[in-house]
Each structure stands twice: as C-alpha cells, then as structure tokens.
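A.B. asks: Protein sequences appear in the order of chains V and W.
Each residue of the first sequence is one higher than the last, beginning at 437 in this note's numbering.
Each residue of the second sequence is one higher than the last, beginning at 58 in this note's numbering.
Beta carbons are placed, not taken as given, at the ideal position from N, Cα and C, and that holds for glycine.
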Amino acid sequence: MKQWEQIREVMRRDRVFDFVAEKRYPFIQGLRSVKPGIVDVTKGPILYIENMSVSFDGFKAINDLTLYINSGELRCIIGPNGAGKTTMMDVITGKTKPDKGTVFFGQTMDLTQMNEYQIAQVGIGRKFQKPTVFPDHTVFENLELAMHADKTVWPTLVARLSGEQRDKIDEVLETVHLTSQQRLRAALLSHGQTQWLEIGMLLMQNPLLLLVDEPVAGMTQQETERTAELLTGLAGDHSVVVVEHDMDFVRSIARTVTVLHEGSVLAEGTMDEVQNDPRVIEVYLGE
Amino acid sequence: MQHNVKQPNNQQYNSIMARLFSSDRGGKLFLSLLAALAIVVPICNLLVPEGSAFHLSTYTVTLLGKYLSFALLAIALDLVWGYCGILSLGHGAFFALGGYAMGMYLMRQVGERGVYGNPLLPDFMVFLNWTELPWYWYGFDMFWFAMLMVMLVPGLLAFLFGWLAFRSRVTGVYLSIMTQALTYALMLAFFRNEMGFGGNNGLTDFKDILGFSLQDDRTRIGLFLASTITLALTYVVCRYIVTSKFGRVVVAIRDAEDRARFVGYKVESFKLWIFVFSAVLSGIAGALYVPQVGIINPGEFSPLNSIELVVWVAVGGRGTLYGAALGAGLVNYAKTYFTAAFPEVWLFALGALFIVVTIFLPKGIVGWVTKIRNRRNTPAASVESDT
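1) Just to make sure I have the definition right: I need the residues of chain V whose C-beta is within less than 8 Å of the C-beta of W330 of chain W. Which are they?
2) Taking C-beta pairs closer than 7 Å, name the residues in chain V that Y322 of chain W reaches, listed in chain order.
3) Please list the residues of the stretch 631-665 of chain V that have a C-beta atom closer than 8 Å to any C-beta atom in chain W, keeping them in chain order.
4) Comparing the C-beta of S326 of chain W with each C-beta of chain V, is any distance below 8 Å?
5) From W330 of chain W to K264 of chain W, what does the alpha carbon distance come to, in whole angstroms?
6) Tell me the residue span of the beta strand (DSSP E) that contains G561 of chain V.
7) Could you work out which residues of chain W lie near A582 of chain V, taking near to mean beta carbons separated by less than 7 Å?
8) Quick one: what does DSSP say Y484 of chain V is sitting in, helix, strand or coil?
9) Flag V569 of chain V as yes if its beta-carbon sits less than 8 Å from any beta-carbon of chain W, otherwise no.
10) On the DSSP bridge assignment, give the partners of A704 of chain V in chain order.
11) So what does DSSP say about N389 of chain W, is it helix, strand or coil?
12) Looking at the C-beta of V308 of chain W, does it have a partner C-beta in chain V at a distance below 8 Å?
13) Are the stretch 154-164 of chain W and the stretch 137-146 of chain W in contact at 8 Å, needing three or more beta carbon pairs?
14) Kindly indicate the opening and closing residues of the alpha helix (DSSP H) around V183 of chain W.
15) Taking the beta carbon of A131 of chain W as the centre, do at least 16 other beta carbons fall within 10 Å, making it buried, or is it exposed?
16) Which residue or residues does DSSP assign as beta-bridge partners of F540 of chain V?
17) Using a Cβ-Cβ distance under 8 Å, would L614 of chain V count as near chain W?
18) Where does A595 of chain V fall in DSSP's three states?
19) In chain order, which continuous runs of the alpha helix (DSSP H) of length 4 or greater are located wholly inside the stretch 334-380 of chain W?
20) Would DSSP call C141 of chain W helix, strand or coil?
21) Tell me the DSSP secondary structure of N499 of chain V in three-state form.
22) Pull up the CB-CB distance for L146 of chain W and P360 of chain W, whole angstroms please, since I reckon it's below 8 Å.
23) Answer with yes or no whether the minimum CB distance from A313 of chain W to chain V is below 8 Å.
24) Would you identify the three-state DSSP class for M675 of chain V, choosing helix, strand or coil?
25) When you compare the CB positions of P211 of chain W and S339 of chain W, do they come within less than 8 Å of one another, or not?
26) In the stretch 417-437 of chain W, which residues sit with their C-beta less than 7 Å from some C-beta in chain V, listed in chain order?
27) When you check each C-beta in the stretch 289-302 of chain W against every C-beta of chain V, which residues fall closer than 8 Å?
28) Report the CB separation of L288 of chain W from A150 of chain W in whole angstroms; it is logged as a contact under 8 Å.
29) Should M199 of chain W be labelled buried (16 or more other beta-carbon atoms within 10 Å of its own) or exposed?
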C-alpha cells in the first residue's frame, strides 16, 4: 500500500519536478542576478521573509509567514511553544529548506539557495537555544575559530593570528566579560558564561544580522541585565533578532515585538500594544 | 581531576618547533625513542657479533619495522578518529592498497627470476595463462611511479568515498558501517583471480627493492630506518596539522559539528581533506609494511584488521598521536607473544582488552598516565574529587 502511494506521489500531475523548477537549478533557466558578498539594504529591511511555509510530516510549523526585519533594528519575537520560532531561525540559517515562499537577505541574496556555512559567511550569526560552544577549546580559541576570516581549508591550515586579530579577540572578550577566563576550557564555564561566549562568537563573525535564541535562559538576574545591555548596545551597528520567553527581559530591551502563533504573525508593535491586543491575550492565557 | 588550564597554544610562537612541541612532552619522548631506535638497532644488528647478548636478530629488526609501519597506520587513524571523530572501520583498506602498490613494484622487480622465468609477467599471471600484462600493471616497474600510486590510489579512493559520504552528511555509526563495507568489498574483489592481483595468494616471492636484495641484512636495516624516519616525519607533519587552526577547526567539528557549520566552516571539506590525508598516510604505512613482511594478500583488507587497528588506537589513547603509536606497538607486541605462546587465546584477549579499555581507560593508556600524574601534582584536589 505504502509503495503504491509513493508511486502515486511521484506520478502526480499537478506538480513540476524540482529539477525543472528555476529555483533549485538556476543554470537551467539562466542565472539569477545575485551579487555575492553585497548585502543590499537600501530599501530599509535587511531580511525579507515572504509567504514562507514549512511543514514536517504534515504538521505546519510555519504557515504563510511574512516578516521584515529592518537594518539596525532590535526585534523581539515571542510566542507560545510550537509557534515556529526556532523553525524560522532554522530556515534563515539554511538548516531547513522552506516548502514555499522566499527568504532574502538584503534585496539580492536568496537564502533558500545557500548552505549553512555560506549564510554564516555573508553575515548571519546564530546563537542556539541550547548554548553550543566548542567544549575542548579555550575561550580564546573559541573566539579565534569564530573570527571572520577566510574559512576554506588551505588558508585555515596556514593561518596565523595577526596583532589586529588578537586585538579584536581581546575587545570581544572584554565585551562579553570573559577576559579573565580566556585560557579556560569552554566546557568549564558556567551556564551564563557559556551563553556569553556564544554571543561573543557571533560578534567575532562580524555579522550584519544576529539571531539570538533564548539568550537569558538559565541566567541570574544580574547576568540577564548585563545581557540586555549587551544586546541593546549591539543594535544599530547590527540587526538583532531575539527570541525569548522571559517577558520582563523582552520588555526591557524591545522596541518592536512580533508575536508568532501557529507559524504565522499574530501581532506586531510595541510591547504595550502587543500586550493589550485581545488576540495575544487569548493565545497566551488560553481560551 | 581534569587539568583545567590548557597550555597557551594559541600564543604567537617565535618558532614553528616551539609551536609543535611546547606542550607535547609525550611527543618529544616519542621522537627521542625513534631516534634511539634508529641508532641502536642498526648497531646491534650489524656491528655486534652474533654470539653477543646485545645482538639483535634480523627477525627482530623486521618485527620492529613492522610495528613501526603499524604505528604509522595508527597515527593516521588517530588523525581522523581522535581529532575529527570519524570512526573509520575500514582504514585497513587504504593500508592494503598502499601495500599492493608496493607489492606490484616488487613483483615487477622480480623479472626473469620467477619460477616461470617470464621477463614481463609475474608468476601468477603465467600460471593463469595470461599472455599480456594488464594495463594497470604498466609503470609499476618504476619506483617513483609505484610510490606515487602508493599515495594516489588510497587518496583517490578516500576522496571519492569521503566526498559522497560527507556531502550527504553520513556520520557516526552509519559511516563506520559503510567504511567496513568498503574494505569488505575490496577484500572480496581482491580475492578474485580475474582482478589480476594474484587472487588469494596475493603478491609474494619478492627478490629485491631498488636493486638491493630483500634477503640482505643491510637492506632490512635500510627498510627499518626508512620506517623510522617516515614515522618521525609523519608525526611532525601531523603535529603541525593538529596545532594549526585547521586542527582546531577539526576538533571543533568533532565536538559541535552544527556550531562549526553556523560559524561558517564548510564542514564537509574539512572532513574530506583530513580523511584523504589520513588515507594517504595509511597507504605509505602499507608500502613500508610489505617489503618487510614479504607478502601482501587480500587478508589485509579483512574487516578484522581494521577493527584491530581501532583497538590499538583506543588502547594507546585517542587524540594524542603518540598514544596511537604506543598502542600499536604494545598490542602488536602482545599479539606476537600470544599468537606464539597461546594461539587460541589471542582473539579473546583482544576482545577483553577492548572491553577493559573502553570501560576503565576511556582515554587509553596515555589518558590514564596523565590522570595519575595530575593526581600526584594536585593531591588535595584529587581527594576532593574522589569523595
């Protein structure tokens, strides 16, 4: 039975096969005019997500989502569990391909056509929900590895740190308050310090857009405040997208808040507007 | 008690040697040992008269040379397993391919001295009534060409295999099984007479290498020295790789592959190149092995060999390079002893060894020694961590 269904799936007539579609194999129908390395933000937004849908085994994690992030903006995204926040980040960073819709970085770069490492290299940095650093390397080495540089095989083999790069690492160490731990193996850092190290690694990449997934989970009050300071300081030079559950934290940093629910945007506005929106109240407080 | 503070190996070192060995005591010891062997062994074999207690028999020299080529193979595996986390259960295949390339050269050197006296065809081909040399045997009468193939054939196979596997993001146990299948398939292929590699007898009855008779003690010593020097050079090159930024990226991939990818590294390329380099080293190890033992047959492709190799590295200690070499030496010494004294016990001993090491010495002998030393250096801390 299952095989029969598979055959039917292949033989469907209402669908154009991937290899004919322009998107996957641009050389078939002429190259797209994507200028590599230049992120065009002249129209304002740095990230354009339009009509994006993602489903896993029939479950729609993202449903016709349209979202724009302006250049230099600090945007908070909130939403109940399963609203599609992490999936959205997966799509932006190339981990998951959308079923439908477009994701553009600047006006020219189609992120759905790029790999994780290419997306990272054009300037999108991501902090995971579960803090992930390189545990066997020192804090210093973690930052060195993340540093914006030629990351292909041969240059990496012969790479040596220049004084300038060393200064850059010191500067970031300062920013994330880890200067005195720089010789420590990252596995030995506390949870909060690991979060910061990961943020520091993002900064080393010179990203234009930072995607930060739950930066203050498991942090003490004091650490949370310092993180808020750090993130608001980054906005302006960078565009920052923060996904967070901690409402106090969101209130303390947010200028614009987007509420996601069941894979699409439910509301968008300042924290006060959003909190007084009856639909948002319903979603958060239950029926 | 873990040692908390790593050596500052991200400092800008004044010289490259300092970068390679400043925090590598084991490596310095290992290289000194090799140097000592390179001096003592030839003297004890060639200069010390046979009756003396210090005389080393040629058999022992050959045995040591064999261990050294195994040590080289173990270092190659450690590079991919210990540093990059790719558990290859088929590294024996690259070793055997290198060995076959060397064997083909040695076969062509036999010339008219074979049993059938055919100037061009090796004995087994005459025996199979072949009249022409297969195309892939051309060029193997030239030493440089054979040496090129020793590196190129395993390297190309690893490139092809790795390119397909890593690009499809095959990792962990699935990759291990695939490498195992690879070596098994090659074994079956090389068993076939039609392949033109001597079938299940393999290649043997070698006469000389570069004009020197393989039966001569001095040639044996020459091969032993070649093994020692190659091993030492390999160690230095591998050490350069693991202390470079490339080496740190590779360890980063082992520990947090996704993070490495999102930081902007093309993980597949890094895995591929370290895998290829490791395969080339394995091929060289095979080429050193064959003239010393005097035979190469499809048994070298057997999955069991590759698994034994993993045991050597596990016993010695992963991720240290010299630990792998140490493990190769120790386990093979034990094997030589056991298979002579109690032949039926060896496989059980090997299995037991692997279990013991996995449970009690997860970091191998090197890790165990380091732990003891750290405990001695910080007695107070160890009391705390024990209670």
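C.D. replies: The short version:
1) As a working note, residue 330 of chain W is residue 273 in the second sequence. Going along chain V in sequence order, the residues near W330 of chain W (Cβ under 8 Å) are V589.
2) For the purposes of this step, residue 322 of chain W is taken as the residue at position 265 of the second sequence. In chain order: Y553 and K587.
3) M637 and Q641
4) Sequence index remark: in the second sequence, residue 326 of chain W carries index 269 (1-based). Yes - at least one Cβ of chain V is within 8 Å of the one on S326 of chain W.
5) In the second sequence, counting from the first residue as 1, residue 330 of chain W sits at position 273. In the second sequence, counting from the first residue as 1, residue 264 of chain W sits at position 207. Distance between the alpha carbons of W330 of chain W and K264 of chain W is about 36 Å.
6) As a working mapping, residue 561 of chain V is identified with position 125 in the first sequence. G561 of chain V -> beta strand (DSSP E) spans I560 to K563.
7) Translated into positions along the first sequence, residue 582 of chain V becomes position 146. The contacting residues are V320.
8) To locate residue 484 of chain V, count along the first sequence from 1; it is residue 48. In this structure, Y484 of chain V counts as strand in the three-state DSSP scheme.
9) Your numbering for residue 569 of chain V matches position 133 in the first sequence. Yes, contact with chain W.
10) For the purposes of this step, residue 704 of chain V is taken as the residue at position 268 of the first sequence. The sequence as given places Glu at residue 704 of chain V; Ala does not occur at that position. BP columns for E704 of chain V point to V:T694.
11) Looking up residue 389 of chain W in the second sequence gives position 332. DSSP places N389 of chain W in helix when its eight states are reduced to three.
12) The sequence position of residue 308 of chain W within the second sequence is 251, counting from 1. With its beta carbon less than 8 Å from one in chain V, V308 of chain W belongs to the interface.
13) no
14) As a working note, residue 183 of chain W is residue 126 in the second sequence. Here the alpha helix (DSSP H) through V183 of chain W covers D180 to F184.
15) Against the second sequence, residue 131 of chain W aligns to sequence position 74. Buried, because 16 or more other Cβ atoms sit within 10 Å of the Cβ of A131 of chain W.
16) As a first step, residue 540 of chain V must be located in the first sequence, where it is residue number 104. F540 of chain V pairs with V:Y484 and V:D546.
17) Start at 1 with the first residue of the first sequence, and residue 614 of chain V comes out as number 178. Taking Cβ atoms only, chain W never reaches closer than 8 Å to L614 of chain V, which makes this a no.
18) Here the question's residue 595 of chain V lines up with position 159 in the first sequence. Here A595 of chain V sits in coil by DSSP.
19) 360-373
20) As a working mapping, residue 141 of chain W is identified with position 84 in the second sequence. Here C141 of chain W sits in coil by DSSP.
21) Here residue 499 of chain V corresponds to residue number 63 of the first sequence, with the count starting at 1. N499 of chain V falls in the strand class under three-state DSSP.
22) Walking along the second sequence from the start, residue 146 of chain W turns up at place 89. Walking along the second sequence from the start, residue 360 of chain W turns up at place 303. Yes, L146 of chain W and P360 of chain W are in contact; Cβ-Cβ is about 7 Å, under 8 Å.
23) Within the second sequence, residue 313 of chain W is the residue found at index 256, counting from 1. Closer than 8 Å to some Cβ of chain V, the Cβ of A313 of chain W qualifies, so yes.
24) By one-based count along the first sequence, residue 675 of chain V stands at place 239. In the sequence on display, residue 675 of chain V carries Ser and not Met. Residue state for S675 of chain V is assigned as strand, using DSSP reduced to three classes.
25) Position 154 of the second sequence, counting from 1, holds the residue named residue 211 of chain W. Position 282 of the second sequence, counting from 1, holds the residue named residue 339 of chain W. Going by C-beta atoms, P211 of chain W is nearer than 8 Å to S339 of chain W.
26) none
27) I298, S301 and K302
28) Your numbering for residue 288 of chain W matches position 231 in the second sequence. Your numbering for residue 150 of chain W matches position 93 in the second sequence. About 21 Å separates the two Cβ atoms, so there is no contact after all.
29) For the purposes of this step, residue 199 of chain W is taken as the residue at position 142 of the second sequence. Result: exposed.
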